[in-house]
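Okay, structure first, notes after.
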Amino acid sequence: MKKMNRREFFGASALTLSSLLVSSPFVLAEPPKDKLRIALVGCGGRGSFLTTFFPNIPNAELVALCDADSARLAETCKKVPDAKNAGSDMRAVFDDPDVDAVMIATCNHWHVLAAIWAMQAGKNVYLEKPVCLNFCEGEQLVAAAKKYGKLIQIGTQMRSDPVHHPEAKRFLHEEKALGKIKSVRVSRFFARNAIGKRATPLVPPETVDFNMWLGPAPETPIYRNSLHYDWHWDWRTGNGETGNWGAHLLDDCRNDVFFDQIGAPKRVMSVGARIGYDDAGDSPNEFAIFFDTGVIPVVFCISNLPDKANPKTAGACAGPTSGYTVFCEGGRYEKHWGGAVAFDENGEQIREFTATAEHIGPGPHIQNFVDCVLQNAPEKLTAPLKVGIDTATWYNGANTSFRLGEPYSKKDALDLVDDEETFATALDDIEKHLDAQGLKMNADTFRASRFLEYDGTAGIKGEYADAAKKLLTIDYREPFVVPTFN
Ligand SMILES: NC(=O)c1ccc[n+]([C@@H]2O[C@H](COP(=O)([O-])OP(=O)(O)OC[C@H]3O[C@@H](n4cnc5c(N)ncnc54)[C@H](O)[C@@H]3O)[C@@H](O)[C@H]2O)c1
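If you count the sequence shown from 1, you need to add 11 to reach my numbering.
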């Protein structure tokens, strides 16, 4: 993609909203039907929740359910009694001629391989976020989608919100109500507990077909307490909070602030630690990331360590605890989970936008997927693979920078970035939060990277290229190997 300077960027952002739908080159081969038959792969917290939307989607039905854990599968089957119990091997679902499309809501390490297998079997795919564990497998998924010509909707459901993204774009870019945008701060401050550190490896529950659960991940011991959900914080199976909530919040930022005109950022650096609990997790629970986009700097700050005095929170945060603040010359726009508020340069509230659960929940998003498949209209998808892959470069690049970090120095970190104020506020939020727990943010506890330079959506180039490549090459467990297409 041609990089834009600030003036070109704002010229582009003045386009009408309808002209900005992301288009896809794929044309579906199958003739449209009037009802889409969908199989759900992964019936955990998310998959089970997704089933509740089907009664309100008249042109789709859930016809089969699959999960590596027979207990979870049986529970979800009770909620959808007309669907087949397809067992623990997703390949049975892919081979089923009564299935037109699949929804994949497994753990993240399965996302790319499951989506590729589904497309190879001729199915269209609704794929939960995050798209991929890293750049390398993301590239293979893009190549596979091109090869098989199938449609993929990424599970960033806020993309189908018909109200609030258009409102934000109109307010910021068409009305230009707060003037020129200077910077963006994205935040996710949410308390999470330690995941345990066992002396002996975890024995999976008897109801789990562990060969299928593990799939492409390496067969190395797991030392956390619970198999389910907490795989998020293990690099073998998850993307940390960056790819969990960051997959939504960074995507919202790319959508509203950048009109998707910025795919991968130019560079990323970060400061982070897993601190305050001694457990078997890998991903940082305190994390400040600086994205150099070439036009508007973006800082993403995560805090997961519970506050001692108020353990339901993860410390105080400048701006929304789950959302973003757009700093403009004439004020600021704060987007949070339930809506948005705009303030003028004196801090006076000048506008309020209210969101509804109906708009931001998965219902409209699944409906959009179903309609696009049935109408053979991939260009109308609200979260096509391209959008998901672009956002994945943000959170996966941030994770790579953390993993390549060195002992932290606040001065060096701030000297590096070209928007010291926004980044310093994020570092201060973390520092104050840790101080209150008696913890220090220093070279012994935190690591910081220099800037990693993006090679578009393909990975990292420049001084970190070799180290990043080594880190991102997954030795897939046979026979669960992500095929190579390019
Ligand atoms: N879009 C959203 O807002 C949203 C919200 C929550 C979760 N998610 C995503 O949904 C996915 C699942 O998250 P979760 O919270 O339900 O996790 P979870 O651990 O509760 O559930 C994952 C399920 O996948 C099953 N599974 C693992 N390997 C499988 C396989 N080979 N075949 C079939 N089933 C398999 C597990 O047994 C488990 O039941 C994650 O990727 C997560 O990021 C998205």
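Glycine is no exception: its CB is placed at the ideal position from the N, C-alpha and C atoms.
Buried or exposed: which applies to residue i, given that a residue is buried once 16 or more other Cβ atoms fall within 10 Å of its Cβ?
i	result
Pro-395	buried
Val-492	exposed
Lys-481	exposed
Gly-470	buried
Glu-474	exposed
Pro-141	buried
Glu-150	buried
Ser-34	Legend: pLDDT at Ser-34 = 37, less than 50; position of this residue unreliable, value from coordinates given subsequently. Its Cβ having fewer than 16 others within 10 Å, Ser-34 is exposed.
Asp-111	buried
Arg-18	The pLDDT assigned to Arg-18 is 44, lower than 50, so where the model puts this residue is not dependable; a value taken from the coordinates is nonetheless given after this. By the neighbour-count rule (16 or more Cβ atoms within 10 Å), Arg-18 is not buried but exposed.
Asn-255	buried
Val-214	exposed
Helix, strand or coil for residue i, going by three-state DSSP, please let me know.
i	result
Gln-386	coil
Arg-488	coil
Met-130	helix
Gln-378	helix
Leu-162	coil
Ser-35	Residue confidence for Ser-35 is low, a pLDDT of 41 falling below 50, so the modelled location carries little weight and cannot support an answer.
Gly-342	strand
Ser-355	The sequence given here has Asp at residue 355, not Ser. Of the three classes helix, strand and coil, the one that applies to Asp-355 here is strand, per DSSP.
Gln-168	helix
Lys-157	helix
Val-123	helix
Thr-253	helix
Glu-185	helix
With the cut-off set at 7 Å, would you say residue i and residue j are in Cβ contact?
i	j	result
Ile-400	Val-153	yes
Glu-356	Gly-372	no
Asp-267	Ala-179	yes
Val-381	Ala-71	yes
Ala-424	Ala-479	no
Ala-97	Cys-77	yes
Ser-171	Pro-295	no
Gly-226	Trp-121	yes
Ser-412	Asp-220	no
Ala-366	His-175	yes
Pro-1	Phe-302	Past the boundaries of the shown model lies residue 1; the chain is included only from 12 to 497, so the question cannot be answered.
Phe-269	Gly-283	no
Thr-117	Lys-90	no
Gly-330	Glu-340	no
Ala-205	Asp-290	yes
Per DSSP, which one or two residues make a beta bridge with residue i?
i	result
Pro-418	Arg-458
Arg-196	Val-310, Thr-336
Asp-80	Val-219
Leu-73	Ile-49
Thr-365	Gly-350
Asn-96	Leu-76
Phe-301	Met-280, Val-310
Met-114	Leu-51, Tyr-137
Ile-471	Tyr-465
Gln-360	Phe-354
Pro-395	Gln-164
Could you give the C-beta distance for residue i and residue j, rounded to a whole number, given that I count them as a contact under 8 Å?
i	j	result
Ser-281	Ile-441	No, Ser-281 and Ile-441 are not in contact; Cβ-Cβ is about 12 Å, not under 8 Å.
Phe-64	Ile-377	6 Å
Val-398	Ile-165	7 Å
Val-123	Ala-50	With a Cβ gap of about 18 Å, Val-123 and Ala-50 do not count as contacting.
Ile-115	Ser-194	That belief does not hold up - the Cβ atoms of Ile-115 and Ser-194 are roughly 35 Å apart, past 8 Å.
Ile-286	Leu-260	At roughly 22 Å, the Cβ-Cβ gap does not stay under 8 Å, so Ile-286 and Leu-260 are not in contact.
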